[in-house]
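Asks: Please find one structure pasted underneath; my questions will follow.
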Amino acid sequence: MDFTFQPPFLAGLSGYIAEVGKPFVEARPGDRIDGRLVRRIDLASGRFALVENAKEFTLVPWRPVLENQLGKSASGIMRADGVSWRFGRGRAGPEIS
Numbered sequence: 243m244d245f246t247f248q249p250p251f252l253a254g255l256s257g258y259i260a261e262v263g264k265p266f267v268e269a270r271p272g273d274r275i276d277g278r279l280v281r282r283i284d285l286a287s288g289r290f291a292l293v294e295n296a297k298e299f300t301l302v303p304w305r306p307v308l309e310n311q312l313g314k315s316a317s318g319i320m321r322a323d324g325v326s327w328r329f330g331r332g333r334a335g336p337e338i339s
């Protein structure tokens, strides 16, 4: 799966950028993602999870298992087919690959 965001998609994010008050940063394969899993966003191009940290937010492909993790701290590595997640603080949190 290729989740590169094209200009029309980015233009559609202006409302979320204003709402969150932080810049959008695209997560690419190999990037580390750290932040709070805020909510699911349904767009014409698919469903995404909004992950926010102190400086920025990113969107990553939604998976149904994320529903129970909303509002929690999450970290992971963006992969070509999605994200390998670790939830909670510290090293003992549950992991979803």
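The sequence shown lines up with residues 243 to 339 when you count with this note's numbering. Glycine residues also receive a C-beta, built at the ideal position from the N, C-alpha and C atoms.
Relative to the C-alpha of L308, which candidate in L285, K297, V280 has its C-alpha closest?
Replies: Along the sequence shown, one-based indexing puts residue 308 at 66. When each option's Cα is compared against that of L308, the closest is V280.
Asks: By alpha-carbon positions, which one of L255, L312, W327 ends up nearest to E268?
Replies: Translated into positions along the sequence shown, residue 268 becomes position 26. Among L255, L312, W327, the Cα nearest to that of E268 belongs to L255.
Asks: Could you give the first and the last residue of the continuous alpha helix (DSSP H) run that contains S256?
Replies: Stepping through the sequence shown from its first residue, residue 256 is reached at position 14. Segment 256-262, the alpha helix (DSSP H) holding S256.
Asks: Apply the 10 Å Cβ neighbour rule to A291 and answer buried if 16 or more other Cβ atoms are within range, or exposed otherwise.
Replies: Numbered from 1 along the sequence shown, position 49 holds the residue referred to as residue 291. Buried, because 16 or more other Cβ atoms sit within 10 Å of the Cβ of A291.
Asks: Starting from the N-terminal side, write out each stretch of the beta strand (DSSP E) that is 3 residues or longer and does not extend beyond the stretch 293-333.
Replies: List check, beta strand (DSSP E) in window: 299-303, 315-321, 324-329.
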